[in-house]
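Encoded as structure tokens, the structure appears first; notes follow it.
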Amino acid sequence: MKISRAEVEHVAHLARLHLTEGELSIMTEQLDLILAYVEKLQELDTNGLPPTTHAISVCNAFREDRVLPSLAQDVALSCSSRHNEEMFQVPRII
Amino acid sequence: MEFETVIGLEIHAQLKTASKIFCGCSTEFGAPPNTHTCPVCQGMPGVLPVLNRKVVEFAIRMGLATEATINRSNQFARKNYFYPDLPKGYQTSQYDKPIIEHGQVEIEVDGATRIIGITRMHMEEDAGKLVHDEREPVSYVDLNRTGTPLLEIVSEPDMRSPQEATAYLKKIHAILRYLDICDGNMQEGSFRCDANISLRPVGQKEFGTRTELKNMNSFRNVQAALEYEIRRQRDLLLDGGKVVQQTLLWNPDTGRTEPMRGKEDAHDYRYFPCPDLVPVELDDEWIEAIRATLPELPDARKKRFIAEYGLPLYDAGILTGERELADYFELAVNSGADPKKVSNWIMTELMRELKGEAIGTCRISAQQLAQLLLLIEKGTISGKIAKTVFQIMFETGKDPEIIVREKNLVQVSDVGEIMTVVQQLLEQHPDQARELREGKEKLMGFFVGQLMKQMKGKANPAMANELFRKAIFGDEQQ
Numbered sequence: 032m033k034i035s036r037a038e039v040e041h042v043a044h045l046a047r048l049h050l051t052e053g054e055l056s057i058m059t060e061q062l063d064l065i066l067a068y069v070e071k072l073q074e075l076d077t078n079g080l081p082p083t084t085h086a087i088s089v090c091n092a093f094r095e096d097r098v099l100p101s102l103a104q105d106v107a108l109s110c111s112s113r114h115n116e117e118m119f120q121v122p123r124i125i
Numbered sequence: 003m004e005f006e007t008v009i010g011l012e013i014h015a016q017l018k019t020a021s022k023i024f025c026g027c028s029t030e031f032g033a034p035p036n037t038h039t040c041p042v043c044q045g046m047p048g049v050l051p052v053l054n055r056k057v058v059e060f061a062i063r064m065g066l067a068t069e070a071t072i073n074r075s076n077q078f079a080r081k082n083y084f085y086p087d088l089p090k091g092y093q094t095s096q097y098d099k100p101i102i103e104h105g106q107v108e109i110e111v112d113g114a115t116r117i118i119g120i121t122r123m124h125m126e127e128d129a130g131k132l133v134h135d136e137r138e139p140v141s142y143v144d145l146n147r148t149g150t151p152l153l154e155i156v157s158e159p160d161m162r163s164p165q166e167a168t169a170y171l172k173k174i175h176a177i178l179r180y181l182d183i184c185d186g187n188m189q190e191g192s193f194r195c196d197a198n199i200s201l202r203p204v205g206q207k208e209f210g211t212r213t214e215l216k217n218m219n220s221f222r223n224v225q226a227a228l229e230y231e232i233r234r235q236r237d238l239l240l241d242g243g244k245v246v247q248q249t250l251l252w253n254p255d256t257g258r259t260e261p262m263r264g265k266e267d268a269h270d271y272r273y274f275p276c277p278d279l280v281p282v283e284l285d286d287e288w289i290e291a292i293r294a295t296l297p298e299l300p301d302a303r304k305k306r307f308i309a310e311y312g313l314p315l316y317d318a319g320i321l322t323g324e325r326e327l328a329d330y331f332e333l334a335v336n337s338g339a340d341p342k343k344v345s346n347w348i349m350t351e352l353m354r355e356l357k358g359e360a361i362g363t364c365r366i367s368a369q370q371l372a373q374l375l376l377l378i379e380k381g382t383i384s385g386k387i388a389k390t391v392f393q394i395m396f397e398t399g400k401d402p403e404i405i406v407r408e409k410n411l412v413q414v415s416d417v418g419e420i421m422t423v424v425q426q427l428l429e430q431h432p433d434q435a436r437e438l439r440e441g442k443e444k445l446m447g448f449f450v451g452q453l454m455k456q457m458k459g460k461a462n463p464a465m466a467n468e469l470f471r472k473a474i475f476g477d478e479q480q
């Protein structure tokens, strides 16, 4: 096994996913297969190759420090399920 | 048992850009809630953040100013966690490849100089602001601050006392302000500090268990929180207890540190390189161009103030602690006033009146202070009267000459006028006059004081002294 059921539970918790027992079993099985597949990459000899983080060889994409128009307040809030016309409203965490 | 304190600081400095780090929204403080947001900083799916060039430039400036290594190749990473002030579910930050590493600053405490190491500095975005409802279990979210650029500055655990921690904090603050890359306002949160603190028995190599202190929004609070936490940990250890590694909030009202509730989960940020932001590759040309624009920094300026103006170390340290204050001092000196006198007046009168406020709020300009000192030098007013004039200047911002004229404060240097008063006083106090004649020098102070009182401080004190002497001893001593 590449991944344990407990690890899947932990990752699910971090992602705030509530999985049923059945879903947990399916996820564990599927993630295990995915990880086994990705592990094929380990067969390649990568000695002497610098690690890469991006699939394209572009760097230094910058924008100048200029202010552009922002969304109007009502538009900014419009995708939210709860707000008080000024601020988003969320369940209290702390 | 004797303990040694070990302190490391994490500073978050908001960088003084006009727009946010990855989008064009304004970073202005105090706008109505949620009026400075766009799909990028709201964390909408499918948007493309693009790095603000100035953020990189500012980070490089700070790196150069602290003799740090500028990592030619660096990149952004996602720090994953859920909190309502973070709409994306991750903070875009830097992790294993920060832009700056291995810097240092010099601090001075009680005359001893120490080097404090800077582990790293990285660029990241700020989160939004939460306001908790006082009655309902509801929080309100303002995303204006979301995406404001921050430079996180992490020190080595090199500080051994709250005084050193405060000195380090002030030094970083001063450098940021000299570089003009952060406004340094602790109350508005543009300069924030967390502290890691632990104790260990003197002589022990390993660090003790540390706690993390948050919510200290002034230099004074940082010092007070650290002092409190040292006492708390020492008492705990002496009682045979153990320090629990946890995050504590400083409560300035009770003067205590209190455990932070709610974030008990062990952090599991699952950092990974941010696929949206391409790597940053810096070349020497850019770095050298930035180096060429660096201003004179606090340490260099302090040394110059000592060498060029003959100021004591302590005064030079205070004056150069804030760029604006140092500028003010130099402007006054360049306006013709004597450097030591300017320094004395700033250190005593001005600082006292400012009561901790920034020099920028002062109604007396540097030129006006110089004018006032020149009036004393020329003998137009006495040093004592100058203090009165200074008060009026501080309240009204008027020129000293105008105040002196309006209030009729010009120093009396007329021999006849002063001599008249001298004679009167000697007649009014025959006993003291006799004793003075017999050599009781201390009484000279009494007579000059009486004269000043009568002439409302306007007499030229040197002349008053001389005339008393003349009246008592005649010309024999001349």
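These protein sequence lines map, in sequence, to chains A and B.
According to the working numbering, the stretch in the first sequence is residues 32 to 125, in order.
According to the working numbering, the stretch in the second sequence is residues 3 to 480, in order.
For every residue, glycine included, the Cβ atom is placed at its ideal position computed from N, Cα and C.
Under the three-state DSSP convention, the category residue i falls into
i	result
B/Glu110	strand
B/Gly10	strand
B/Lys18	coil
B/Ala79	strand
B/Phe84	coil
A/His114	strand
B/Arg138	It is Glu, not Arg, that sits at residue 138 of chain B in the sequence shown. In this structure, B/Glu138 counts as coil in the three-state DSSP scheme.
B/Met125	strand
B/Ala464	helix
A/Leu18	This structure cannot speak to residue 18 of chain A, because chain A is shown only from 32 to 125.
B/Glu103	strand
B/Ser95	strand
A/Ile57	helix
B/Arg236	helix
B/Pro34	coil
B/Lys131	strand
B/Gly119	strand
A/Arg94	strand
A/Ile87	coil
B/Glu443	coil
B/Val423	helix
B/Gln248	coil
Cβ-Cβ distance between residue i and residue j below 9 Å
i	j	result
B/Met161	B/Ile9	yes
B/Tyr92	B/Tyr83	yes
B/Leu321	B/Ala372	no
B/Asp270	A/Leu72	no
B/Glu69	B/Gln106	yes
B/Ile387	B/Leu352	no
B/Gly119	B/Pro89	no
B/Leu201	B/Thr19	no
B/Pro402	B/Leu377	yes
A/Ser56	B/Gly26	no
B/Glu214	B/Leu250	yes
B/Val58	B/Val282	yes
B/His124	B/Leu171	no
B/Ser95	B/Glu126	yes
Proximity winner among the options, relative to residue i (alpha-carbon distances)
i	options	result
B/Gly48	B/Cys40, B/Arg55 and B/Asn54	B/Cys40
B/Asp185	B/Ile289, B/Glu324 and B/Val140	B/Glu324
B/Asn223	B/Gly242, B/Thr259, B/Asp241 and B/Gly210	B/Thr259
A/Cys90	B/Leu66, B/Asn76, B/Lys22 and B/Val246	B/Asn76
A/Phe93	B/Gln165, B/Ser345, B/Tyr311 and B/Asp278	B/Asp278
B/Met395	B/Asn219, B/Gln225 and B/Cys364	B/Cys364
B/Asp128	B/Tyr316, B/Lys22, B/Val450 and B/Leu428	B/Lys22
B/Gln430	B/Tyr273, B/Leu240 and B/Leu453	B/Leu453
A/Gln104	B/Thr37, B/His134, B/Leu153 and B/Phe24	B/Thr37
B/Thr71	B/Arg122, B/Ala167 and B/Tyr230	B/Arg122
B/Ile174	B/Glu355, B/Leu11, B/Asn467 and B/Gly385	B/Leu11
Exercise for the section: Could you pull out every unbroken alpha helix (DSSP H) segment of at least 4 residues lying fully inside the region 326-370 of chain B, listed in chain order? Expected result: 341-347 and 353-356
Practice task
Let me know the alpha helix (DSSP H) ranges lying completely inside the region 140-227 of chain B, each 4 residues or longer, listed in chain order.
Solution key: 164-181
Handout entry: Cβ-based contacts, 7 Å cut-off: residues of the region 14-40 of chain B near chain A
Key = Thr19, Ala20, Ser21, Gly26, Cys27, Ser28, Pro34, Pro35, Asn36, Thr37, His38, Thr39 and Cys40
Exercise for the section: Can you give me, in chain order, the residues of the region 76-88 of chain B that have a beta carbon less than 8 Å from any beta carbon in chain A? Expected result: Gln77, Asn82, Phe84, Tyr85 and Pro86
Handout entry: Against chain B: residues of the region 34-61 of chain A by CB proximity under 7 Å
Key = Leu45 and Arg47
Problem - Selection of the region 275-287 of chain B by Cβ proximity to chain A, strictly under 9 Å - result: Identification of residues in the region 275-287 of chain B having a C-beta nearer than 9 Å to some C-beta of chain A yields Pro275, Cys276, Pro277, Leu279, Val280, Pro281, Val282, Glu283 and Leu284, given in sequence order.
Practice task
Taking only beta carbons into account, state which residues of the region 95-106 of chain A come closer than 7 Å to chain B, listed in chain order.
Solution key: Glu95, Asp96, Arg97, Val98, Leu99, Ser101, Leu102 and Gln104
Practice task
Using a Cβ-Cβ cut-off of less than 7 Å, list which residues of the region 68-89 of chain A approach chain B; keep chain order.
Solution key: For the region 68-89 of chain A, the set of positions with a beta-carbon nearer than 7 Å to some beta-carbon of chain B reads Thr84, His85 and Val89 in chain order.
Handout entry: Segments of 3+ residues assigned as beta strand (DSSP E) that fall wholly inside the region 279-332 of chain B
Key = The region 279-332 of chain B is shown to contain no whole beta strand (DSSP E) run of 3 or more residues.
Handout entry: Positions along the region 215-239 of chain B whose CB lies within less than 7 Å of some CB in chain A
Key = none
Exercise for the section: For the region 351-363 of chain B, enumerate the residues whose C-beta is nearer than 9 Å to any C-beta of chain A, in chain order. Expected result: If the cut-off is 9 Å between Cβ atoms, the region 351-363 of chain B has nothing near chain A.
Problem - Segments assigned alpha helix (DSSP H), at least 4 residues, entirely inside the region 373-421 of chain B - result: Every alpha helix (DSSP H) stretch that sits fully inside the region 373-421 of chain B and reaches 4 residues is listed by chain position as 385-398 and 402-408.
Practice task
Please list the residues of the region 167-189 of chain B that have a C-beta atom closer than 7 Å to any C-beta atom in chain A, keeping them in chain order.
Solution key: Nothing from the region 167-189 of chain B brings a Cβ to less than 7 Å from some Cβ of chain A.
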